[in-house]
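Structure, as structure tokens:
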Amino acid sequence: MSNSKTIPNTNFPIEKIREDFPILSRKVNGKALIYFDSASTAHKPQVVIDAIDAFYKYQNSNIHRGVHTLSQQITIEYEKARSIVQEHLNAKHAREIIFTKGTTDSINLVASSFGRKFIFEGDEIIISCMEHHSNILPWQQLCKERGAVLKVIPISDEGELVMDEYKKLLSDKTRIVAVTHISNVLGTINPVKEIIDLAHEKNIPVLIDGAQSVPHSSVDVQELDCDFYCFSAHKIYGPTGVGVLYGKESLLKIMPPYQTGGGTIETVTFEKTVFADLPLKFEAGTPHISGGLGLGAALNYLNEIGLKEISLYEDELLKYATEALNKVQGVKIIGTALHKVAVISFVIERLHPFDIGTILDQLGIAVRTGHHCTQPLMQRFGVAGMVRVSFSFYNTKDEINIFIKGLEKTISMLK
Ligand code: PMP
Numbered sequence: 000m001s002n003s004k005t006i007p008n009t010n011f012p013i014e015k016i017r018e019d020f021p022i023l024s025r026k027v028n029g030k031a032l033i034y035f036d037s038a039s040t041a042h043k044p045q046v047v048i049d050a051i052d053a054f055y056k057y058q059n060s061n062i063h064r065g066v067h068t069l070s071q072q073i074t075i076e077y078e079k080a081r082s083i084v085q086e087h088l089n090a091k092h093a094r095e096i097i098f099t100k101g102t103t104d105s106i107n108l109v110a111s112s113f114g115r116k117f118i119f120e121g122d123e124i125i126i127s128c129m130e131h132h133s134n135i136l137p138w139q140q141l142c143k144e145r146g147a148v149l150k151v152i153p154i155s156d157e158g159e160l161v162m163d164e165y166k167k168l169l170s171d172k173t174r175i176v177a178v179t180h181i182s183n184v185l186g187t188i189n190p191v192k193e194i195i196d197l198a199h200e201k202n203i204p205v206l207i208d209g210a211q212s213v214p215h216s217s218v219d220v221q222e223l224d225c226d227f228y229c230f231s232a233h234k235i236y237g238p239t240g241v242g243v244l245y246g247k248e249s250l251l252k253i254m255p256p257y258q259t260g261g262g263t264i265e266t267v268t269f270e271k272t273v274f275a276d277l278p279l280k281f282e283a284g285t286p287h288i289s290g291g292l293g294l295g296a297a298l299n300y301l302n303e304i305g306l307k308e309i310s311l312y313e314d315e316l317l318k319y320a321t322e323a324l325n326k327v328q329g330v331k332i333i334g335t336a337l338h339k340v341a342v343i344s345f346v347i348e349r350l351h352p353f354d355i356g357t358i359l360d361q362l363g364i365a366v367r368t369g370h371h372c373t374q375p376l377m378q379r380f381g382v383a384g385m386v387r388v389s390f391s392f393y394n395t396k397d398e399i400n401i402f403i404k405g406l407e408k409t410i411s412m413l414k
């Protein structure tokens, strides 16, 4: 994942991999699709589509509720998906894996449940300047409700966290630290292990927003010793509407339920409810069953290719595209951290990101434009928006060449 020493990886089976993704063969505006927006959502390989399809065709039933065969079989399959996630993150127990709607939902779960139990007037919560709105708003709202204070770790011009400032922010009043593992705009890989260790010296729990890291690297929650870790299935080649909250059992056990209802209980009377054990306490209602199965299939697919190979290949694309973009007149890359993933955001003086994105779209090239759900980060760099290209292991250097030519054409048209 780190790009400081990129090793050429010529053996990567790119042609075979591209065949795994049906959407990559479609045309957009009469041109072969070039999709550089995987940080927003990644495409789905056939194995994931097949897993979802098979559920509705042959396995459809509700989990955890029936004695009949279909229900029992699908419960086993759904719990297998949970075990795949557990192994992938190296969590100690499957019960520490909570299925949610995605990263946003996972963070809201912690802010709401942990917040209700542990955050009071005058307490402090630390986030960073490069957070996605999904890791700002739940904490901001919690602070408003509880009279707590939000503290923000600043970043350097290169887009790296200023760790000395972080150390100064940690105090006896800090109740939780919530930071992103990798920035969705700058691509910066944050030193999360150091962030966690520093917080733990003061017994402060840490939540890591892993939305952008799980697609690119292997994550070991026990090694990191994080207290919470969140990610979304759709960014790791799985379905939309499903994601994961990992939480240490010791914390999840003492946190109140986030939402309540069917599936969360042991017994109910009109006077009193006894909630179920983990993970069901946090999984109210019928879940996104096919989503869970699709997530399991996506993780199996990634592991078959190998995250190490994926990250080496993506690092090559990052290096290649960075060099090419730096040669395009007027382009200014925002986010030049030493350690980053294959996400590049840039601005071009006097040109509006939307205009750039619209013309590129006419050429079949999908890039992201705007504030990327990080308005405070845009304010930090004094811009209203940026253009972002984000690469996946299904992208190629040829596509980058076409993009660079398209960008040069776009600039000459707009200037
Ligand atoms: N955090 C980060 C760093 C992200 O990139 C995103 C998605 N762009 C989110 C949180 C929110 O993810 P989701 O919309 O899947 O809940």
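Counting from 1, position 377 in the sequence shown corresponds to residue 376 in numbering that gives the first Met the number 0; the numbering is continuous, with no gaps. From the three backbone atoms N, C-alpha and C, an ideal C-beta is built for every residue, glycine too. Just so you know, these numbers come straight off a predicted model, no measurement behind them.
Cβ shell of residue i (< 8 Å), same chain only, five flanking positions each side left out
{"i": "Leu141", "result": "Ala110, Ser111, Gly114, Ile118, Ile124, Ala147"}
{"i": "Glu164", "result": "Ile152, Pro153"}
{"i": "Ser3", "result": "Note that Ser3 scores a pLDDT of 41, beneath 50, so its modelled location is shaky and nothing firm can be said."}
{"i": "Ile253", "result": "Lys116"}
{"i": "Thr40", "result": "His233, Lys234, Thr239"}
Residues near residue i by beta carbon distance below 7 Å, same chain, minus five either side
{"i": "Ile6", "result": "Residue confidence is low: Ile6 scores 48 on pLDDT, short of 50, so the model does not pin down where it sits. Its coordinate-derived value is still stated next. Within the same chain, Ile6 has close Cβ partners Leu311."}
{"i": "Leu376", "result": "Cys128, Met129, Val184"}
{"i": "Pro255", "result": "Ser112, Arg115, Lys116"}
{"i": "Asn134", "result": "Ile106, Ile126, Ala177, Thr179, Asp208"}
{"i": "Asp36", "result": "Ala365, Val366, Arg367, Ser389"}
{"i": "Phe345", "result": "Leu324, Val330, Lys331, Ile332, Ile333, Met385, Val386"}
{"i": "Met412", "result": "Ile358"}
{"i": "Ile288", "result": "Phe54, Ile62, Ile73, Tyr77"}
{"i": "Ser170", "result": "Glu123"}
{"i": "Glu265", "result": "Val273, Phe274, Ala275"}
Spatially closest choice to residue i from the options, by CA coordinates
{"i": "Val151", "options": "Glu313, Trp138, Lys143", "result": "Trp138"}
{"i": "Phe98", "options": "Lys116, Glu78, Asn89, Glu86", "result": "Glu78"}
{"i": "Lys408", "options": "Thr373, Val366, Arg379, Leu359", "result": "Leu359"}
{"i": "Arg379", "options": "Ile83, Glu159, Ile96, Asn10", "result": "Glu159"}
{"i": "Ile62", "options": "Val340, Thr187, Thr74", "result": "Thr74"}
{"i": "Lys201", "options": "Thr68, Glu86, Leu168, Glu144", "result": "Leu168"}
{"i": "Tyr393", "options": "Arg64, Gly291, Arg94, Glu315", "result": "Glu315"}
{"i": "Glu144", "options": "Glu157, Glu120, Asp156", "result": "Glu120"}
{"i": "Thr103", "options": "Leu88, Leu136, Tyr300", "result": "Leu136"}
{"i": "Ile403", "options": "Thr266, Asn302, Lys326", "result": "Lys326"}
{"i": "Met162", "options": "Asn189, Asp171, Asn10", "result": "Asn189"}
{"i": "Pro12", "options": "Glu303, Asn400, Gln328, Gly381", "result": "Glu303"}
{"i": "Gln258", "options": "Leu250, Phe274, Thr268", "result": "Phe274"}
{"i": "Val218", "options": "Ser289, Asp52, Gly305", "result": "Gly305"}
{"i": "Val220", "options": "Gly261, Asp122, Ile96", "result": "Ile96"}
{"i": "Tyr34", "options": "His87, Ser391, Ile410", "result": "Ser391"}
{"i": "Tyr236", "options": "Tyr300, His370, His67, Gly369", "result": "Tyr300"}
{"i": "Leu250", "options": "Leu108, Arg64, Gln328", "result": "Leu108"}
{"i": "Leu321", "options": "Gly381, Leu32, Ile399, Val382", "result": "Position check: residue 321 holds Thr in this sequence, whereas Leu was assumed. Ranking Gly381, Leu32, Ile399, Val382 by Cα distance to Thr321 puts Ile399 first."}
{"i": "Gly290", "options": "Lys26, Ser24, Asp52", "result": "Asp52"}
{"i": "Thr263", "options": "Gln328, Arg64, Gln374, Pro352", "result": "Arg64"}
Beta-carbon proximity list for residue i, same chain, < 6 Å, skipping 5 on both sides
{"i": "Lys396", "result": "Tyr319"}
{"i": "Leu362", "result": "Lys30, Gly405"}
{"i": "Val205", "result": "Val176, Ile195, Ala198, Cys225, Asp226"}
{"i": "Gly295", "result": "Ala80, Ile83"}
{"i": "Pro286", "result": "Phe98"}
{"i": "Val342", "result": "Ala38, Gly186, Ser389"}
{"i": "Ala232", "result": "Pro238, Val241, Gly242, Leu294"}
{"i": "Asn28", "result": "Gln361, Gly363"}
{"i": "Arg94", "result": "Leu277, Pro278"}
{"i": "Leu350", "result": "Leu413"}
{"i": "Ser1", "result": "No answer about Ser1 holds up, because its pLDDT of 42 lies below 50 and its placement is not dependable."}
{"i": "Pro260", "result": "Checking the displayed sequence, the identity of residue 260 turns out to be Gly instead of Pro. Only Ala283, Gly284 meet the Cβ criterion."}
{"i": "Leu88", "result": "Val218, Val220, Tyr245"}
{"i": "Leu298", "result": "Ile83, His87"}
{"i": "Ile16", "result": "Tyr393"}
8 Å contact criterion, which residue i and residue j should meet: CB distance rounded
{"i": "Val241", "j": "Lys100", "result": "7 Å"}
{"i": "Cys372", "j": "His215", "result": "Wrong, their Cβ atoms sit about 19 Å apart, outside the cutoff."}
{"i": "Ala234", "j": "Ala210", "result": "Before going further, note that residue 234 is Lys rather than Ala in the sequence given. Their Cβ separation, rounded to whole angstroms, is 6 Å, which keeps Lys234 and Ala210 in contact under 8 Å."}
{"i": "Val340", "j": "Glu313", "result": "7 Å"}
{"i": "Ala90", "j": "Leu292", "result": "So it is not a contact: roughly 19 Å between Cβ atoms."}
{"i": "Ser212", "j": "Ile181", "result": "5 Å"}
{"i": "Leu69", "j": "Gln58", "result": "7 Å"}
{"i": "Ile347", "j": "Ile410", "result": "6 Å"}
{"i": "Thr335", "j": "Glu222", "result": "Wrong, their Cβ atoms sit about 28 Å apart, outside the cutoff."}
(request) Return the chain-ordered ranges of every alpha helix (DSSP H) run that is complete within the stretch 207 to 256 and spans a minimum of 4 residues. (result) With a minimum length of 4 residues, the continuous alpha helix (DSSP H) runs that stay inside the stretch 207 to 256 are 220 to 223, 248 to 253.
(message) Please give the ranges of any beta strand (DSSP E) in the stretch 171 to 212, keeping only runs that are unbroken, at least 3 residues long and fully inside the region.
(response) As far as the stretch 171 to 212 is concerned, its whole beta strand (DSSP E) runs of at least 3 residues are 173 to 179, 205 to 208.
(message) Between the stretch 20 to 27 and the stretch 35 to 48, can you find at least three pairs of beta-carbon atoms closer than 8 Å?
(response) The stretch 35 to 48, when compared against the stretch 20 to 27, does touch it at the 8 Å Cβ threshold.
(message) Quick check: the stretch 209 to 227 against the stretch 239 to 253, are at least 3 beta-carbon pairs closer than 8 Å?
(response) With the cut-off at 8 Å, the stretch 239 to 253 and the stretch 209 to 227 touch.
(message) If we require 4 or more residues per run, which alpha helix (DSSP H) segments fall completely within the stretch 15 to 91?
(response) Within the stretch 15 to 91, the complete alpha helix (DSSP H) runs of at least 4 residues are 45 to 53, 68 to 88.
(request) Let me have the residue list for ligand 2: C-beta closer than 5 Å to any non-hydrogen atom, ordered along the chain. (result) Ligand 2 is not among the ligands present in this structure, which contains only ligand 1.
(request) Counting only runs of 3+ residues fully inside the stretch 347 to 403, write out the beta strand (DSSP E) ranges in chain order. (result) You should have 367 to 369, 385 to 389.
(request) Count the C-beta pairs between the stretch 269 to 281 and the stretch 343 to 357 that are closer than 8 Å, then say yes if the count reaches three, no if not. (result) Flag = no, the stretch 269 to 281 and the stretch 343 to 357 do not touch.
(request) Jot down the residue ranges of each uninterrupted alpha helix (DSSP H) in the stretch 82 to 169, minimum 4 residues, whole runs only, in chain order. (result) For secondary structure counted as the alpha helix (DSSP H) over 4 or more consecutive residues, the stretch 82 to 169 holds these complete runs in sequence order: 102 to 117, 136 to 145, 162 to 168.
(message) My parser needs the alpha helix (DSSP H) runs of 4 or more residues fully inside the stretch 261 to 313; what are they?
(response) Whole alpha helix (DSSP H) segments, 4+ residues: 288 to 304.
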